[in-house]
Amino acid sequence: MASVTQLWDSKNYMSNGLMAEEVVTEVLIQKAGETVWDSIQRITEASICMNHNHSLFEAKMKTLCAVRDDLKDRTTKYKSAKQRTMDDWFHRVMVVEKLAEELENRFTEKQESSKLFNVFPRSKLSKQMASMCLEIGELSVEGNQLADTLVHKVAERVVKMTAPDISYIPTLQGALDKILQDLTNEHLKAVRVLGMLGAGKTTILQNLNNHEKVASMYERVIWLTVSGEENNKENLSIEMLQNMIVERLIVDTEGTTDVTKIGRKIREELEGVKFLLLLDDVKSELDLDMIGIPEGAKGSKIVMTTKFRHVRFPSCSNIEVKKLSESESWNMFHKLLDLHNDIKDKPQLERTTRKAVSLCAGHPLMIKMAARIFKAIEKRELSEISWSDGLQTLRRWPQKGNNEPMRDLLKFCCDHLDNEQKPCFLYSALYPEDTEIFTEGLLDCWEAENFLKCSDDSKISGRNILRHLKNVILLEEGATGRYVTMHKVIRAAAINLLSEDMKDRCLVKTSEALQKPNGGTTKRQCVDLWTDKEWISLANNSLDTLPDCPRSSHLSTLFVQKYSKHKKIPDSFFRHMHSLLVLDLYMTEMTTPPIIDIQAELPGFIGQLKSLEVLDIRGSGVVKLPHQIVGLTRMRRLLVSFTISTQGNYDAIFKLSGLEELTIDVDSEMEDWCNKLIEDVVEKVSTLPRLISFQFCLHNRVIDVIQVVDDTVKIYMPKEHHLRSFLERRQDLETRSFQVYIGCFISRGPEIPEFYRYDRYVKYDSGRGGHNDVINKVLTKVHAFELINHNDIENLSSNVIESMEYVQGCLIQSCNKMRTIVGSYCTRDRSLLPNLERLDAKNMPKLEKIWDGHVQLGSLSKLKTLVLSKCPMLTVVFCNVIVQQLHELQYMNIQDCCRVEEIVMCAQDVSPYVIPKLSTLILCNMPSLRRICPRLDWTSLETLKIHGCPTLKELPFDSNTAMKLQSIEVDEDWWKALQWSDSKVEERLGSQRDNLAMEYVNKGYLFPRMVMAMRPECIPSPVYVKAVNIRLLLIMSNNSLSKGGGVLAKHLGGCGGISHPPRFKSRRTHLVARRPNLNFQIAKDVV
């Protein structure tokens, strides 16, 4: 029973009007047999137990987070037999974490408030935490049970690599063939591939890795890049090599870092497995036993590449990669330059290029660079003078007699870069060796470093520089056009140049070099090593520690990519980095990175980096961005990660008003959660007025939300309501060209033909319900509109139609309930669709009419093209009232509309001059079609194509109509069965058809996409035809191939007779027989 004081305090609480409603509710909800006073006592006891329940709650959450983290770590090497259940569990844990955070905030608030006057809120919170403890405990138990469903992932037999073609270079292909031969020699344990720098050793090894014979010979093919930086004379450490093997074979090391134990784990994994170990760029002897590689296991072999003769293995064959021969060098140069036969007619050009090839002295990388130089020249001008200039450039290359020709050559190339190009190239060397560099990110870094200051449009200047660096092979195209790479030899030379040009202002070090320069480094020396640096790259490092507080006040770029797991950057590490412009923590996987460590000793840390413009924290362990990030007012590019098991605090992101590029990596395969995340984030994208690139990177695809291409902004909105705030806050749709995709991804692109004609475009896919005011508002601005897969509307509403005043192109497709496009409800006092030039309606199963009701003058007055396809309920295309508006209609194509009986339904008083500009009429697969229109003059008709219309018995022409008709494509049997009211019309059309066909044949070509029908007796002999230009020629006869047809076939292919179709040399021409009543047809694929 509660004390009198407690009861009085409770009554005081109520009398003061504080939470009165809540108090009364709590008291009135009594348990069975419980008095009011018992209820009050229960509430008071719960309030008193709040701290105790919070402690339990905190402990339970800690356990749950540990289970979650353990499970997440194990899923990198194991897969679950209940993957969907596991994804759902991670999602529920995420929801509980959000609720736990809210309860934690409320607890902190109640802790600081009066216990006397907050008894009921404290009681409620206490009970909620107690209830949450039960749910959290159940989740922990379920997580442990799911851990038992994990099974070890099986490593792939081979991981294919991007490898250049070497089949046309005998020296390199011969080395590959010799390796394959040696792998079958049971007396050999290893193969050594020896060659100079840039000779093609790595390329040979890449082709070996991908070879189908290797995949069939070995159970595991393991690739290891043994050396770190090209400038470093040592191999990578044992630990780093073991980590690569562990990752490749998916070995569970159970968190150990002991080299001996990890070696034992690797040995156990490879025990009894026939494997091929490919070691690229070995610089010194390797202790394979220490790494964990079992010797001579079950026919396993090792292939290594090296440029040092002292590096070898026992029982090892030797294959030395020689320089290319003169003919090989020429073939390689010719293939890379891709000149086809252009220079065969210009002997001087060929002499010039052959001299250029001889200067390369059979060195593959130098040949590649020379080809790029000439390709850059060829793009400007294919002339003897310009190519002679290219040859002079090559002659100025350093002499090839020294020990390091490639490094001297690269120094020469760098010396010929201008003041903007050179720093851009050198900066690119900061990225780790063999890394694919995202081009847009690289351009952002160049811009942040102010390398592009001489141009009004920095991105255009940056792309021009990037193009030049690729042209002279200092950078190369990556796996896709969005990435570039730098050859390791070129990177090594670039780092040497960096050390010369920047002296002590740049630090690019491997972990070993950084930890042990000159035999060892004291802590003081390590700090001094960072002092006054401007660029630092520590990518792919395994450092134990970093300096606590380096004096790096001039530092503008810091790369700490792929920093080792479970290392902590000191809290004071960034304290003096006030000039930092680029910070890259990609895949650092830190346990407590200082960026989110908002503790008393680092108040407002983020706000101190006022100059920061580029920040990459993907895979860094950062799961929540602090509110201090809003202080980064110069931030232009941000890359972050969200996972299903962590909460991404993206509210702070959308306060970065200067942000131009945003990338969010989503580490989850749970589709529903990903879609919900995307919708939540897209809702707030309009708060970033300068954002021009925004994308989500999911496990199997990239979703672009905002993308600017050639000054056209492309926008993806999951649903129509997401567009509302975008329209209200951003001016993109007012001032520039745009493409808006609602309900479908940007990657699908426009489906409306000739979409490039339209500056402003909207695609609305898979909508639900009626159109809302957002759609109406955006339609007032567009020139082209696509409505796809909308299954709820029966017609376009009057508001939508009226909003489409400026629409020029419209595609409506797969709207399964639509009965009319324009309904009878539409306004009668204004013209509708006055600017529409093209209308496509496809796959509309219930469409009965295009237009229903009154047609105001000026409606459809600019319509030029009409395409109808697969509209099975349509019976009449145009009624009497609408046909009079179609003054501009030029092209009409109607196909697969099985119920259409009449194309144009005309009344007696309709002028015969309606549709005066129709030049092309195509009617296909319309079994119910009885007539086209009998009352028109067809003054402009030039092309008529009719197929699959068996009930159409007559053409709507007389001796005075269709005088411009030039092309008729029809079925032969149908043509013969036509009923002619005037024999003169039949004679005119038949004669016109044959004469026109011969006119094209005599000229040696047929127009692209044109089909002409002609009788064989009309074919003269001989007939000379440029077969490559023929689209389709029909020789119509029910009899055997006539003499004329045989002559034509002879001249086209060198043989006659249908049983032996001619074989044309042109790769785009072929001869086929399609219908039994036609002898043959010749068709060219139109490119």
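Note that UniProt numbering has the sequence shown beginning at 1, numbered continuously upward. Glycine is no exception: its CB is placed at the ideal position from the N, C-alpha and C atoms. The model shown is predicted, which means the values in this text are computed figures rather than measured ones.
Quiz item: Run through DSSP, which three-state label would residue 538 get?
Solution: coil
Practice problem: Look up residue 132 in the DSSP assignment and give the residues it is bridged to. | Solution: DSSP output for residue 132 lists no bridge partner at all.
Exercise. Could you name the residues of the same chain whose beta carbon sits closer than 7 angstroms to that of residue 323, not counting the 5 residues immediately before and after it, in chain order?
Key: 361, 362, 363
Quiz item: So what's residue 751 in DSSP terms, helix, strand or just coil?
Solution: coil
Quiz prompt | Close Cβ partners of residue 650 (< 7 angstroms) along its chain, the five nearest in sequence each way excluded | solution = 681
Quiz item: Does DSSP put residue 329 in a helix, in a strand, or in coil?
Solution: helix
Practice problem: Enumerate in chain order the residues of its own chain whose CB-to-CB distance from residue 665 is below 6 angstroms, with the five nearest sequence positions on each side excluded. | Solution: 618, 641, 697
Quiz item: In the DSSP assignment, what are the bridge partners of residue 947?
Solution: 924
Exercise. Please report the residue range of the beta strand (DSSP E) in which residue 502 lies.
Key: Counting along the chain, residue 502 falls outside any beta strand (DSSP E), and DSSP gives it neither H nor E.
Quiz item: Thinking C-beta only, is residue 654 closer than 7 angstroms to residue 687?
Solution: yes
Quiz item: Out of 67, 60, 72, which has the shortest C-alpha to C-alpha gap to residue 643?
Solution: 72
Exercise. Decide if residue 485 is buried, meaning its Cβ has at least 16 other Cβ atoms within 10 Å, or exposed.
Key: buried
Quiz item: For residue 49, which of helix, strand or coil comes out of DSSP?
Solution: coil
Practice problem: For residue 316, collect the residues of the same chain with a Cβ closer than 6 angstroms to its Cβ; drop the 5 residues on either side in sequence, then sort them by chain order. | Solution: 190, 192
Exercise. Run the CB neighbour count on residue 959, radius 10 Å, all protein chains shown included, and call it buried at 16 or more, exposed below.
Key: exposed
Quiz item: In or out: residue 460 buried (at least 16 other Cβ within 10 Å) or exposed?
Solution: exposed
Exercise. Rounded to whole angstroms, what's the CA-CA distance from residue 241 to residue 290? Just pull it up for me.
Key: 11 angstroms
Practice problem: Leaving aside the five residues before and after residue 383 along the sequence, list all residues of the same chain whose C-beta is less than 7 angstroms from its C-beta, in chain order. | Solution: Any reading at residue 383 must be qualified, since the residue scores a pLDDT of 47, below 50, and its modelled position is unreliable; the value itself is stated next. Counting only Cβ-Cβ distances below 7 angstroms, and skipping sequence neighbours, we find nothing.
Quiz item: Along the chain, which unbroken stretches of the alpha helix (DSSP H) at least 4 residues long are found entirely within the segment 717 to 748?
Solution: 722 to 729, 732 to 735
Quiz item: Helix, strand or coil: how does DSSP classify residue 869 here?
Solution: strand
Self-check item: Pick from 941, 862, 884, 841 that is closest to residue 871, judged by C-alpha positions
Solution: 841
Exercise. Mind checking which residues open and close the alpha helix (DSSP H) that includes residue 556?
Key: Unbroken run through residue 556: none, as it is neither H nor E.
Quiz item: Along the chain, which unbroken stretches of the beta strand (DSSP E) at least 3 residues long are found entirely within the segment 831 to 906?
Solution: 838 to 842, 849 to 851, 865 to 869, 876 to 878, 891 to 895, 902 to 904
Quiz item: Around the C-beta of residue 756, are 16 or more other C-beta atoms found within 10 angstroms, so that it is buried, or is it exposed?
Solution: exposed
Exercise. Could you tell me which of 491, 414, 507 sits nearest to residue 472, measuring between CA atoms?
Key: 414
Quiz item: Would residue 328 be called buried (16 or more neighbouring beta carbons within 10 Å of its own) or exposed?
Solution: buried
Self-check item: Anticipated Cβ contact below 8 angstroms, residue 866 with residue 847, distance rounded
Solution: That pair is no contact at about 13 angstroms.
Practice problem: Figure out for me which residue from 420, 423, 337, 281 has the closest Cα to the Cα of residue 433. | Solution: 281
Self-check item: Nearest candidate by alpha-carbon position, reference residue 202, set 683, 820, 303
Solution: 303
Quiz item: So, do the segment 252 to 271 and the segment 292 to 308 have three or more beta carbon pairs nearer to each other than 8 angstroms?
Solution: yes
Quiz item: How far does the alpha helix (DSSP H) with residue 182 in it reach, from first residue to last?
Solution: 170 to 183
Quiz prompt | Residues that DSSP places opposite residue 967 in a beta bridge | solution = 943
Quiz item: Thinking C-beta only, is residue 312 closer than 7 angstroms to residue 275?
Solution: no
Exercise. List the endpoints of the continuous alpha helix (DSSP H) containing residue 763.
Key: It is not in any alpha helix (DSSP H) - residue 763 instead sits in the beta strand (DSSP E) that spans 760 to 765.
Quiz item: For the alpha helix (DSSP H) that contains residue 289, what are its first and last residues?
Solution: 288 to 291
Quiz item: Assuming residue 235 contacts residue 246 under a Cβ cut-off of 8 angstroms, what Cβ separation, rounded to an integer in Å, is found between them?
Solution: Wrong, their Cβ atoms sit about 17 angstroms apart, outside the cutoff.
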